[in-house]
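Just so we're aligned: the sequence shown equals residues -10 to 104 in the numbering used here.
Glycine is no exception: its CB is placed at the ideal position from the N, C-alpha and C atoms.
Written below as structure tokens is the structure these notes are about.
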Amino acid sequence: MAPDGSEVRLLARAMAGSLAHFTLPAGTTSAAIVHRSVEELWYVTSGAGELWRRLDDHEEVVALRPGVSVTIPRGAAFQFRASGADSLGFVGVTMPPWPGPDEALPVQGKWPVGA
């Protein structure tokens, strides 16, 4: 389980980064977090949803659907939700590799957490 509440399955790990598959059940919203030292690249593989992210004075909501790629820069607050009838699934690259449980800090998000 990831700090944001999504299910995570590690696929590969190397010195410069790691690759994982993430799943958020249909109708649920992740916890909002910010990463201390990593950045991520996401590629949506299934489902539908939205990603909220904020970095400095820039804030946006991005539609998530299969084929969409997004970035999570280091220091960006973010939250996502699965808004379709199916779970939201995506593959994520984390650079450098996930360092441990102290990496993610909770922040105030855009949406209430949970179902």
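Original post:
With DSSP run on the structure shown, which of helix, strand or coil describes Val23?
Top reply: Of the three classes helix, strand and coil, the one that applies to Val23 here is strand, per DSSP.
Subject >> Of the listed residues Glu28, Thr18, Glu29, Asp(-7), nearest to Ala37 (C-alpha basis) >> reply: For Ala37, the nearest C-alpha among the options comes from Thr18.
Original post:
Opposite Leu8 in the DSSP bridges: which residues?
Top reply: DSSP lists Ala1, Val82 as partners of Leu8.
Original post:
Smallest Cα separation from Pro62: which of Glu28, Lys99, Ser7?
Top reply: Closest in alpha carbon position to Pro62, among Glu28, Lys99, Ser7, is Glu28.
Original post:
Going by the beta-carbon positions, is the gap between Ser35 and Ser76 smaller than 8 Å?
Top reply: Pairing Ser35 with Ser76 gives a Cβ-Cβ distance under 8 Å.
Original post:
Would the beta-carbon of Phe69 fall within 8 Å of that of Leu40?
Top reply: Contact check for Phe69 against Leu40 passes: the beta carbons are separated by less than 8 Å.
**OP:** On the DSSP bridge assignment, give the partners of Gln68 in chain order.
**Re:** Trp41.
Subject >> Endpoints, beta strand (DSSP E) assigned at Pro95 >> reply: Counting along the chain, the beta strand (DSSP E) containing Pro95 begins and ends at 93 to 95.
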